[in-house]
Amino acid sequence: MVSELSDAARGTLQRIQRIALIVGGVAALLAVIGGVVSGAQFFHSYLFAYFFWMVLALGALLVLMIESVTDGVWGLMLRRHLESAALTLPLMALLFIPVIIGMGALYPWMDPKIVAKYEVIALKTPFLNQTGFILRSVIYFVLWIGLALLLYRTSNERDRTGDARLRDRMRTIAGPGIVVLALSWMLAATDWGMSLEPEWFSSMYPVAFVAGMLVSTFAFSILVMWFLSSRGLLPYTIPVDRLHDLGKFQFAFIVVWTYLNFSQFLIIWSGNIPEETFWYAYRFKGGWEVVALMLFFGHFFVPFFLLLSRHAKRNITFLTAVAAYIIGIEVVFVFWTIMPAFHHETGFHIHWLDPLALVAIGGLWLALYLRNLASRSLLPKHDHRLALLEQQHAGHGHGQHEAAAH
Amino acid sequence: MQSSPIDKPAVVETTDAFLGPKQTLASVTAKIGDIVLTPLRKTPFGWPIGFVVAAIGLLVYLYSLVVLFTVGVGIWGINIPVAWGFDIINFVWWIGIGHAGTLISAILLLFRQDWRTSINRAAEAMTIFAVACAGIYPLIHTGRPWLDYWLLPYPGTLGMWPQFRSPLEWDVFAVSTYATVSVLFWFVGLVPDLASLRDRATNIWVKRFYGLLSLGWRGGARDWNRYEMASLILAGLSTPLVLSVHSIISFDFAVSQLPGWHVTVFPPYFVAGAVYCGFAMVINLLVPIRRWYGLHSLITMKHFDLMGQVMLASGLVVAYGYVSEMFYAWYSANIYEYFMIVNRTAGPYAWSYWALIIFNIVIPQLLWFKRFRTNIPILFLISICINIGMWFERWVIVVLSLHRDFLPSSWGSYTPSVWDWTTYISSFGLFFFLFFLFVRLLPMISMFEVRDLVHKMSGKHGAAPTGPSHGGEA
Numbered sequence: 001m002v003s004e005l006s007d008a009a010r011g012t013l014q015r016i017q018r019i020a021l022i023v024g025g026v027a028a029l030l031a032v033i034g035g036v037v038s039g040a041q042f043f044h045s046y047l048f049a050y051f052f053w054m055v056l057a058l059g060a061l062l063v064l065m066i067e068s069v070t071d072g073v074w075g076l077m078l079r080r081h082l083e084s085a086a087l088t089l090p091l092m093a094l095l096f097i098p099v100i101i102g103m104g105a106l107y108p109w110m111d112p113k114i115v116a117k118y119e120v121i122a123l124k125t126p127f128l129n130q131t132g133f134i135l136r137s138v139i140y141f142v143l144w145i146g147l148a149l150l151l152y153r154t155s156n157e158r159d160r161t162g163d164a165r166l167r168d169r170m171r172t173i174a175g176p177g178i179v180v181l182a183l184s185w186m187l188a189a190t191d192w193g194m195s196l197e198p199e200w201f202s203s204m205y206p207v208a209f210v211a212g213m214l215v216s217t218f219a220f221s222i223l224v225m226w227f228l229s230s231r232g233l234l235p236y237t238i239p240v241d242r243l244h245d246l247g248k249f250q251f252a253f254i255v256v257w258t259y260l261n262f263s264q265f266l267i268i269w270s271g272n273i274p275e276e277t278f279w280y281a282y283r284f285k286g287g288w289e290v291v292a293l294m295l296f297f298g299h300f301f302v303p304f305f306l307l308l309s310r311h312a313k314r315n316i317t318f319l320t321a322v323a324a325y326i327i328g329i330e331v332v333f334v335f336w337t338i339m340p341a342f343h344h345e346t347g348f349h350i351h352w353l354d355p356l357a358l359v360a361i362g363g364l365w366l367a368l369y370l371r372n373l374a375s376r377s378l379l380p381k382h383d384h385r386l387a388l389l390e391q392q393h394a395g396h397g398h399g400q401h402e403a404a405a406h
Numbered sequence: 001m002q003s004s005p006i007d008k009p010a011v012v013e014t015t016d017a018f019l020g021p022k023q024t025l026a027s028v029t030a031k032i033g034d035i036v037l038t039p040l041r042k043t044p045f046g047w048p049i050g051f052v053v054a055a056i057g058l059l060v061y062l063y064s065l066v067v068l069f070t071v072g073v074g075i076w077g078i079n080i081p082v083a084w085g086f087d088i089i090n091f092v093w094w095i096g097i098g099h100a101g102t103l104i105s106a107i108l109l110l111f112r113q114d115w116r117t118s119i120n121r122a123a124e125a126m127t128i129f130a131v132a133c134a135g136i137y138p139l140i141h142t143g144r145p146w147l148d149y150w151l152l153p154y155p156g157t158l159g160m161w162p163q164f165r166s167p168l169e170w171d172v173f174a175v176s177t178y179a180t181v182s183v184l185f186w187f188v189g190l191v192p193d194l195a196s197l198r199d200r201a202t203n204i205w206v207k208r209f210y211g212l213l214s215l216g217w218r219g220g221a222r223d224w225n226r227y228e229m230a231s232l233i234l235a236g237l238s239t240p241l242v243l244s245v246h247s248i249i250s251f252d253f254a255v256s257q258l259p260g261w262h263v264t265v266f267p268p269y270f271v272a273g274a275v276y277c278g279f280a281m282v283i284n285l286l287v288p289i290r291r292w293y294g295l296h297s298l299i300t301m302k303h304f305d306l307m308g309q310v311m312l313a314s315g316l317v318v319a320y321g322y323v324s325e326m327f328y329a330w331y332s333a334n335i336y337e338y339f340m341i342v343n344r345t346a347g348p349y350a351w352s353y354w355a356l357i358i359f360n361i362v363i364p365q366l367l368w369f370k371r372f373r374t375n376i377p378i379l380f381l382i383s384i385c386i387n388i389g390m391w392f393e394r395w396v397i398v399v400l401s402l403h404r405d406f407l408p409s410s411w412g413s414y415t416p417s418v419w420d421w422t423t424y425i426s427s428f429g430l431f432f433f434l435f436f437l438f439v440r441l442l443p444m445i446s447m448f449e450v451r452d453l454v455h456k457m458s459g460k461h462g463a464a465p466t467g468p469s470h471g472g473e474a
């Protein structure tokens, strides 16, 4: 069943890769020109776009590590795709440089006048200072890229040698890797996002982004699987039960996302302490409340009811449409989380650079992702689950007893 | 294939499968069903001893309650500022234990994890008994338990109406819903097995007893079809309850303004903690039962290995909670949050904080290694440590935050009284009394689901099923 990636498939992927690269490159060029014209706005838009793609790249690393410690056939199907997405992290490290350049325009704690004025920000300077911020960011990227590379190399070695013990090595890397990612992301989310409003703190903030990682990674995965299978690039047919698994994950993480974000809101609202409530207050006025309501309905009720039915999760066209919608609403979530920090007084604000930055980073990101994806076969060559996938494909095994029950 | 449960066969440990070798449909039913149908005098010796000890515990518990009702909550160590003491600590601890049962029975069913079949029945029973133990604490904590019905919103002439904005009120709904759904789910799951017991029983009264409980089950295709629908619907209903009950309990603390309570990450970390100590309790219960009744071929090492992995994962989420709680207290640059760190790590109760870290975080790291997860005595000890650690977690949250809040002039201290201890320790009497009854009266492993597993593992698909298979459907 498993074969090398066919020339036709590689050709298709490379063609889209070129398009992505051109679109991303042109958008990046325009954004830089826009940056020269509009100054600080460039960095605001850039950070928003960066956050969205960073969450997706890290989400891929997280799901890849979850795949490595669990044993589902869904993981076999997604493995190469996840490796390719996680291997965009070096690019994300490179794309972090503009954030460092724009620190002064982004983070209020960079301004000595503000630090002098607000005692609470002054007290945070042991953590919130330029050296610490850059140093920590370097460490995060070293850790994340290290994990992605380790898993990638182990996977390649397994392809080459077929040594089944390498699966255990992946597990040994991924188990502690998840712990490393969780703790480093806690600090990274604090550095990059939470400190935009330096008085504010909430221990749920990084965790809510982890839910965002899982939501957007599964939505993106469904899109990719749909694309690959509809173009006939996959060396197998997606068993409908495995598609159902992806749909269930998507559904579950939508609920988890809502649960985490709503809990954070409820606790802060109910505690009603001014140093915390302002974060929501700014996001519930001046037009942002419309976005907030949009998220409440659009990021929970709409996908929840669309995905509730069994048939919805087993129909690839429908599931793909919902996944595309979820990616869109996830962009809105990141926008609503990040952008109000820059517009406390003026209310809702959107700039043409916001979508442009999203396309610029996204084009470059997708180009690298597709290059990674086109460089190897779409299934690992040796895996104990390959037989299971083949069986299910032929309609035997696990799928059948389920069919018998219904 | 008659084998009495008291026969102790040579123990063959299976590490790579969910069933021991040579299991057949008949042997499974005989093995599990006969534990219940064996006459009392042939029951393994551990049962009557355990039952009597538990019954004595239950009597102590009842006595403690009688004293409490006649004298009042003044017999406890609670005071102002520490108005929540052992009663709330134990409430949260017990209800947390219940969560593993729901996770195993509902979420693992939806995820088609076949390994749950050997342990779900006992875990669900544990849930119900733990919820019973838990539910009593807030009721007696009110001080005038005869007025507890005031917690319910009912249109009475008194005009009493509960405060709907208080999570304490949400607890009333959350816990009672949870108890109801858990009992329903458990009972529905029992019906096919009760029918098997009815059919196997020889004594007419035993036959009638199980006949009554099995609700006229005939095992026809329609019965199974409806059973499947009902259990999937109940699993779907139970799944959000795993999250909601303990989240609402975390709101009891988190919606306040007290440093150490007002933490936004509380809900998921409380849920993880509940699963953590719940699985530990499942292991603590299954290890002796498996030994007494010789269930090594039904509850295999692979079960323990997987339960160890679930504990490791949930324990790491809990550890993340502790780290992030401390980090954000520091990051907040708020003096009261700073003081919370100092008071926990170096205050008068610092020993309990460090005990929490050792029992709940340090020792369970052994679970990273398969050789500890599959070593029953060590796994058993780790599980006990986790249960102690999780109890300390609630102690640290309740007592250490309350006893020193904002104003030093309103600080105080808390020492549990003798009655606190008796009400806590003897609640195990209630729990084990119910659990021993369960082991004796009901099949503690789901017979038809294990038969289904035997069937699947035999690889003969397409033959007439002995029981339904579990297609996950969410």
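Note that the protein sequences, when read in sequence, are chains A and B.
Under this note's numbering, think of the first position of the first sequence as 1, with each following residue one higher.
Under this note's numbering, think of the first position of the second sequence as 1, with each following residue one higher.
C-beta: ideal position from N, C-alpha, C; glycine also.
Item to check | Given valine 141 of chain B as reference, the closest of B:Ile107, B:Leu103, B:Gly77 and B:Trp170 once Cα atoms are compared | outcome: It is worth fixing the name first, because residue 141 of chain B is histidine in this sequence and not valine. Comparing Cα positions, the closest option is B:Gly77.
Next on the checklist: Using beta carbons (cut-off 8 Å, strictly below), is glutamine 113 of chain B in contact with chain A?
Outcome noted: no
Checklist entry - CB alanine 274 of chain B to CB asparagine 387 of chain B, shorter than 8 Å? => result no
Next on the checklist: At the 8 Å Cβ level, is methionine 77 of chain A part of the contact set with chain B, yes or no?
Outcome noted: no
Next on the checklist: Only counting the same chain, and skipping five residues up and downstream in sequence, which positions put a Cβ closer than 8 Å to that of valine 67 of chain B?
Outcome noted: Excluding sequence neighbours, valine 67 of chain B sits near Ile75 and Trp419.
Item to check | Contact with chain A by valine 396 of chain B, beta-carbon distance below 8 Å | outcome: no
Checklist entry - Which residues mark the beginning and the end of the alpha helix (DSSP H) in which leucine 168 of chain B is found? => result 167-200
Checklist entry - If you drop the 5 nearest sequence neighbours on each side, which residues of the same chain put their C-beta closer than 7 Å to that of valine 92 of chain B? => result Ile249 and Arg394, listed in sequence order.
Checklist entry - Quick one: any contact between the stretch 314-322 of chain B and the stretch 36-53 of chain B, if contact means 3 or more CB pairs under 8 Å? => result no
Item to check | CB-CB length for leucine 109 of chain B against alanine 235 of chain B, believed under 8 Å | outcome: 5 Å
Next on the checklist: What does the Cβ neighbour count give for histidine 311 of chain A, buried or exposed, with the cut at 16 atoms within 10 Å?
Outcome noted: exposed
Checklist entry - What first and last residue would you give for the alpha helix (DSSP H) that runs through asparagine 387 of chain B? => result 376-395
Next on the checklist: Buried or exposed, going by whether 16 or more other CB atoms sit within 10 Å of the CB of aspartate 452 of chain B?
Outcome noted: buried
Checklist entry - Mind checking lysine 31 of chain B: buried by the 16 CB within 10 Å criterion, or exposed? => result So lysine 31 of chain B counts as buried.
Next on the checklist: Quick check on DSSP: helix, strand or coil for methionine 457 of chain B?
Outcome noted: If DSSP states are grouped into helix, strand and coil, methionine 457 of chain B belongs with the helices.
Next on the checklist: Checking 8 Å against the spacing of the C-beta atoms, do isoleucine 299 of chain B and isoleucine 119 of chain B come in under that value?
Outcome noted: yes
Next on the checklist: Considering only the alpha carbon of each residue, which of A:Asp245, A:Met194 and A:Ser230 lies closest to phenylalanine 133 of chain A?
Outcome noted: A:Met194
Next on the checklist: At the level of alpha carbons, what is the spacing between glutamate 289 of chain A and phenylalanine 265 of chain A?
Outcome noted: 14 Å
Checklist entry - By Cβ distance below 8 Å, which residues in the same chain neighbour valine 188 of chain B in space, the five residues on each side in sequence not counted? => result Tyr227, Ala230, Ser231 and Leu234
Checklist entry - In three-state terms, what does DSSP make of isoleucine 445 of chain B? => result coil
Next on the checklist: If I measure Cβ to Cβ from proline 206 of chain A and keep anything under 6 Å in the same chain, skipping five residues before and after, which residues do I get?
Outcome noted: Trp185, Met186 and Ala189
Checklist entry - Over what stretch of residues does the alpha helix (DSSP H) that includes valine 62 of chain A continue unbroken? => result It should be noted that the sequence gives leucine, not valine, for residue 62 of chain A. Per DSSP, leucine 62 of chain A belongs to the alpha helix (DSSP H) from 40-69.
Checklist entry - So glycine 212 of chain A packs on tryptophan 257 of chain A, CB below 8 Å; how close in whole Å? => result 6 Å
Checklist entry - How close, in whole Å, do the beta carbons of proline 380 of chain A and arginine 169 of chain A come, if the pair is a contact with beta carbons under 8 Å? => result Between arginine 169 of chain A and proline 380 of chain A the Cβ distance is about 14 Å, and since that is not below 8 Å, they are no contact.
Item to check | For leucine 353 of chain A, the three-state DSSP class (helix, strand or coil) | outcome: In the three-state reduction of the DSSP assignment, leucine 353 of chain A falls in the helix class.
Item to check | Supposed close pair isoleucine 283 of chain B, phenylalanine 380 of chain B - CB separation, criterion 8 Å | outcome: 7 Å
Next on the checklist: Comparing C-alpha positions only, which one of A:Phe227, A:Lys313, A:Pro235 and A:Leu181 sits nearest to leucine 243 of chain A?
Outcome noted: When A:Phe227, A:Lys313, A:Pro235 and A:Leu181 are compared, the shortest CA-CA separation from leucine 243 of chain A is found for A:Lys313.
Item to check | Cβ of serine 155 of chain A within 8 Å of any chain B Cβ | outcome: no
Checklist entry - Got a sec: is the Cβ-Cβ distance from methionine 1 of chain A to anything in chain B below 8 Å? => result Reliability of the predicted coordinates at methionine 1 of chain A is poor, the pLDDT of 49 falling under 50, and no value is obtained from them.
Item to check | Span separating the alpha-carbon of tryptophan 336 of chain A from that of leucine 407 of chain B | outcome: Cα to Cα, tryptophan 336 of chain A sits roughly 38 Å from leucine 407 of chain B.
Next on the checklist: I want to verify the contact list: residues of chain B whose CB lies under 7 Å from the CB of tyrosine 259 of chain A, in sequence order.
Outcome noted: Residues of chain B with a Cβ closer than 7 Å to the Cβ of tyrosine 259 of chain A are, in chain order, Leu243.
Checklist entry - Shortest alpha-carbon distance to glycine 46 of chain B belongs to which of B:Tyr349, B:Ile56, B:Tyr293 and B:His403? => result B:Tyr293
Item to check | Endpoints, the alpha helix (DSSP H) within which alanine 189 of chain A is located | outcome: Its alpha helix (DSSP H) spans residues 165-192.
Checklist entry - Say the cut is 7 Å; is the CB of tryptophan 53 of chain A nearer than that to a heavy atom of the ligand MN? => result This structure simply doesn't include the ligand MN, nor any ligand for that matter.
Next on the checklist: Quick check: is the beta carbon of serine 203 of chain A nearer than 8 Å to any beta carbon in chain B?
Outcome noted: yes
Checklist entry - Do the stretch 16-30 of chain B and the stretch 399-414 of chain B make contact, defined as three or more Cβ pairs closer than 8 Å? => result no
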